[in-house]
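If you're matching them up, the sequences are chains A and B in order. Going by the numbering used here, the first sequence opens with residue 1, and the numbers climb by one from there. Going by the numbering used here, the second sequence opens with residue 263, and the numbers climb by one from there. Where a beta carbon is used, it is the ideal one built from N, C-alpha and C, also for glycine. Predicted model, so just to flag it, every value in this text is computed and none were measured. Accompanying notes for the structure given below.
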Amino acid sequence: MFTFTQILLCCVFIFIMSLIGWSAQIFAYGANVLNGAVIGLIMGDVKTGLTVGGTMCLMSLGIGGYGGSSVPDYALGTYVGTMFAISSGGGLEAGLAIGIPVATLGTEFDVLTKMMGSFFIHGEMKASENHDWKGMTKSVWGWMFLRSALYTLPVLLVMTVGANLINSLLASIPTWLMNGLTVASGMLPALGFAILMKYLPLKRWGLFLVFGFVLYAYASLPMLAIAALTVVIAYLIYLYLQDKDAMKSTTSTAVGGANDDE
Amino acid sequence: MSNNSVVLSKKDLDQVLWRYIFVRQAPFNYETMQSGGFVWAMHPAMEKIYGDDDVIAKKYRSYFRFYNTHPWCGNIILGACLALESTKDESATDTAVELRTALMGPLAGLGDSIIWVLLMAVMGAIAGYQALNGSIGGWVIAEAVQLVIWFAFNKMFYIAYKQGVEFVTTRSAQLHNLTECASIVGIAVVGALIASIVNVHFGITMTVGEISQSLDDQLNSIIPCFGNIVAVVLIYKALGIKKMNSAKMVVYIIIISIILGATGILK
């Protein structure tokens, strides 16, 4: 099904991306487009890779592990989704059918590795007490490498022993289920935005939701234009807030009506 | 005392920053979250400043306490902590850990709202859309933007070390307003993204006499992207239910989508 070279390249790529994702984070923005493109390249179909990666990228907007929370792992979904979208010949639909469930399972994996972290932090603390600085290094980096290895393991499994099973599953997925998963891929971004809305100060600035919505849905402005326009407004509000702070700090001095003219 | 205080050289700082960049979230755990990587990263600097393993190990007990912030913003906190430690003042560590605890919340707020939410959503939307059209160009733009910010935050580590606590305290009021305004842009972008990226359509067709019209078209002629709004509002409300979290929500959404998709209520 998958050639040895494909399995090797995929696993190495995923291992490295997992390491980077938890350390330097230099590929954070639009990451799943890159993920899909590279897996697509390895599988020999960059275009399908971009389609699956792009869809996963849009689905994951707004979903982030803020404050140490665990969220679906759309990167893992992209890796597995892309390879089976191409190998099964089913394209985007097949990619989503396998990618979405995998991303969801990724949530549990994240919880598991963070629980695993307890063992390593205690190892590091103990090493510190014993002035065993090398042992401290082992604890920190041990977690990093173990996490990435455990992350790559399921990919290795589905590419080797699970490949035939998954392909035959994909071939036998009924149309109604495929339709349902397509609906889900359109609905899941709503979760990301709902989560964002929980984090953003909607009480005070909620009307800007309408502002952005109207500019896109009625005025059909491109996203960058909407962002730029709002930056201008936000800058004015920033100046106002700064002025207010400055006034607050100088209330002891004269509260002036000097600006009456003009 | 001040004349024998060791000031870290550029090379020492480079070393600490690079160590921190690679381990700032390891070993992530539910007890102390990111403190393990913080300690490991600062070790060469602490060794140079104090040079006594007993003293360092004692100080690390404080640094091992709970710590969690936006990883990139952590650069600033680490820089300020090292500035305090460089004074070799008796209470330096206590002050530094207190500062760290005081700053991690506001900086996480700033980092999450600007770096993780606002820019990530805008850049992700650009990268994703271009990818659907078969181009990687959008991702290249997104990556370029991210690298600029990434390097800027590395730079701030050095500034925070040089200017010390002053840098972070004088900036804190400004920081608060900046976060507030970034959130405004974030909210507007979310509004636009709800219209553009969410994709919920009703599949029901209503037949009145001989004319049959899709419910989706009718609703959209009143308010465009009507299905999107309904989906977001319902999910937003559902997130407020007790014991609900985003991980459970994903499963519910998939199940509900499959049911509604299979029955043809949504398409």
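Measure from the C-beta of P154(A) to each C-beta in chain B and report whether the shortest distance is under 9 Å.
As a first step, residue 154(A) is located in the first sequence; it is residue number 154 there, counting from the start. It does not: the Cβ of P154(A) has no partner Cβ on chain B nearer than 9 Å.
Taking CB distances under 9 Å as the criterion, tell me whether S69(A) reaches chain B.
Counting from 1 along the first sequence, the entry for residue 69(A) is found at position 69. Closer than 9 Å: yes.
Got a sec: which bits of the region 22-44 of chain A sit with their beta carbon under 9 Å from any beta carbon on chain B, in order along the chain?
Listed in sequence order: W22, S23, A24, Q25, I26, F27, A28, Y29, G30, A31, N32, V33, L34, G36 and A37.
Taking the beta carbon of L276(A) as the centre, do at least 16 other beta carbons fall within 10 Å, making it buried, or is it exposed?
Since the first residue of chain A shown is 1 and the last is 262, residue 276(A) is not available in this structure.
Determine the chain B residues that contact Y216(A) at a beta-carbon separation under 7 Å, and present them in chain order.
Here residue 216(A) refers to the residue found at position 216 when the first sequence is read from its first residue. By Cβ distance, chain B contributes A454, A457 and S458.
Hey, out of M178(A), P201(A), L181(A) and G186(A), whose CA is closest to G448(B)'s CA?
By 1-based counting over the second sequence, the position of residue 448(B) is 186. Among M178(A), P201(A), L181(A) and G186(A), the Cα nearest to that of G448(B) belongs to P201(A).
At a CB distance below 8 Å, what residues from the region 461-479 of chain B approach chain A? Give them in sequence order.
Listed in sequence order: N461, V462 and H463.
Reducing DSSP to helix, strand and coil, say where L409(B) ends up.
One-based indexing of the second sequence puts residue 409(B) at position 147. Three-state DSSP puts L409(B) in a helix.
Kindly say whether A184(A), judged by its beta-carbon, lies nearer than 9 Å to any beta-carbon of chain B.
Here the question's residue 184(A) lines up with position 184 in the first sequence. Judged by the 9 Å Cβ criterion, A184(A) is in contact with chain B.
If you measure from the beta carbon of G523(B) to each beta carbon in chain A, is any gap under 9 Å?
Here the question's residue 523(B) lines up with position 261 in the second sequence. With 9 Å as the cut-off, G523(B) counts as an interface residue toward chain A.
Which residue marks the beginning of the alpha helix (DSSP H) containing I484(B), and which one marks its end?
The sequence position of residue 484(B) within the second sequence is 222, counting from 1. Segment L477 to I484, the alpha helix (DSSP H) holding I484(B).
Could you check whether the region 144-159 of chain A touches the region 107-126 of chain A, counting it as contact only if at least three pairs of C-beta atoms, one from each stretch, sit closer than 8 Å?
Because the criterion of three Cβ pairs below 8 Å is met, the region 144-159 of chain A and the region 107-126 of chain A touch.
Along chain B, which residues have their Cβ under 8 Å away from the Cβ of L202(A)?
In the first sequence, counting from the first residue as 1, residue 202(A) sits at position 202. Per Cβ cutoff of 8 Å: I449.
Step through the CB atoms of chain A and report whether any lies within less than 9 Å of the CB of I515(B).
As a first step, residue 515(B) must be located in the second sequence, where it is residue number 253. By this cut-off, I515(B) is an interface position.
Taking 9 Å as the CB-CB limit, is E293(B) close to chain A?
For this step, residue 293(B) is matched to residue 31 along the second sequence. With 9 Å as the cut-off, E293(B) counts as an interface residue toward chain A.
Grouping DSSP H, G and I as helix and E and B as strand, with all else coil, what is Y66(A)?
Along the first sequence, one-based indexing puts residue 66(A) at 66. It is helical.
Where do the ends of the alpha helix (DSSP H) carrying T363(B) lie?
As a working note, residue 363(B) is residue 101 in the second sequence. It spans A354 to L372 - the alpha helix (DSSP H) in which T363(B) sits, taken as one unbroken run.
To the nearest angstrom, how far is the alpha carbon of T51(A) from that of E428(B)?
The residue you call residue 51(A) lines up with position 51 of the first sequence. The residue you call residue 428(B) lines up with position 166 of the second sequence. Between T51(A) and E428(B), the C-alpha separation is close to 49 Å.
Alpha carbons only, please: which of M178(A), W205(A), A127(A) and Y238(A) is nearest the one belonging to I517(B)?
For the purposes of this step, residue 517(B) is taken as the residue at position 255 of the second sequence. Ranking M178(A), W205(A), A127(A) and Y238(A) by Cα distance to I517(B) puts M178(A) first.
Exposed or buried, V12(A), counting other C-beta atoms within 10 Å across all chains shown (16 or more means buried)?
Taking the first sequence and counting its residues from 1, one reaches residue 12(A) at position 12. Per the 10 Å Cβ criterion, exposed.
Counting only beta-carbon separations shorter than 9 Å, does M115(A) have a partner in chain B?
As a position in the first sequence, residue 115(A) is number 115, starting the count at 1. So yes, M115(A) belongs to the interface.
Buried or exposed: where does K321(B) fall if 16 or more other Cβ atoms within 10 Å of its Cβ makes it buried?
Here residue 321(B) corresponds to residue number 59 of the second sequence, with the count starting at 1. The residue is buried, with at least 16 neighbouring Cβ atoms inside 10 Å.
Just the C-alpha distance for A345(B) and V451(B), rounded to the nearest angstrom, thanks.
As a position in the second sequence, residue 345(B) is number 83, starting the count at 1. As a position in the second sequence, residue 451(B) is number 189, starting the count at 1. Using only the alpha carbons, I get a separation of about 38 Å.
Where does V255(A) fall in DSSP's three states?
Taking the first residue of the first sequence as 1, we reach residue 255(A) at position 255. Caution applies to V255(A), whose pLDDT of 46 falls short of 50 and renders its modelled position unreliable; the value that the coordinates give is listed next. Reduced to three states, the DSSP call for V255(A) is coil.
What does the Cβ neighbour count give for P174(A), buried or exposed, with the cut at 16 atoms within 10 Å?
Position 174 of the first sequence, counted from the first residue, corresponds to residue 174(A). Classification of P174(A): exposed, given that the 10 Å Cβ count is below 16.
Could you name the residues of chain B that L191(A) contacts, counting a contact when the two beta carbons are closer than 7 Å?
The residue labelled residue 191(A) in the question sits at position 191 within the first sequence. In chain order: I497, S508, M511, V512 and I515.
Under 7 Å Cβ to Cβ from M366(B), same chain only, skipping five residues before and after it: list those, please.
Stepping through the second sequence from its first residue, residue 366(B) is reached at position 104. Y329, N330, T331 and I339.
Do Y74(A) and M56(A) count as a contact pair if the criterion is CB distance below 9 Å?
As a working mapping, residue 56(A) is identified with position 56 in the first sequence. As a working mapping, residue 74(A) is identified with position 74 in the first sequence. A contact, by the Cβ cut-off of 9 Å.
E352(B): which of A389(B), N337(B), G386(B) and I311(B) sits nearest, CA to CA?
Taking the second sequence and counting its residues from 1, one reaches residue 352(B) at position 90. Checking every option, the nearest Cα to that of E352(B) belongs to I311(B).
Is I527(B) helix, strand or coil when you go by DSSP?
Along the second sequence, read from residue 1 onward, the residue named residue 527(B) stands at position 265. Reduced to three states, the DSSP call for I527(B) is coil.
Look up S185(A) in the DSSP assignment and say whether it is helix, strand or coil.
The sequence position of residue 185(A) within the first sequence is 185, counting from 1. In the structure shown, S185(A) sits in a helix (DSSP, three-state: H, G or I).
On the CB-based measure, 16 or more other CB atoms within 10 Å of its CB, does W280(B) come out buried or exposed?
Position 18 of the second sequence holds residue 280(B). With fewer than 16 Cβ atoms within 10 Å of its Cβ, W280(B) is classed as exposed.
So if DSSP puts F415(B) in a beta bridge, which residue, or which two residues, is it bridged to?
Position 153 of the second sequence, counted from the first residue, corresponds to residue 415(B). Paired residue(s): none; F415(B) is not in a bridge.
For chain A, check one thing: does any of its Cβ atoms lie closer than 9 Å to the Cβ of N265(B)?
As a first step, residue 265(B) is located in the second sequence; it is residue number 3 there, counting from the start. Because the pLDDT at N265(B) is just 37, under 50, the model does not fix this residue reliably, and the value given afterwards should be weighed accordingly. Judged by the 9 Å Cβ criterion, N265(B) is not in contact with chain A.
For S397(B), does the three-state DSSP call read helix, strand or coil?
Here residue 397(B) is taken as the residue at index 135 of the second sequence, counted from 1. DSSP places S397(B) in coil when its eight states are reduced to three.
Against A307(B), what residues of chain A qualify as contacts under a CB-to-CB distance less than 7 Å, listed in chain order?
In the second sequence, residue 307(B) corresponds to position 45, counting from 1. Ordered by position in chain A, no residue passes the 7 Å Cβ test against A307(B), which lies about 13 Å from the chain.
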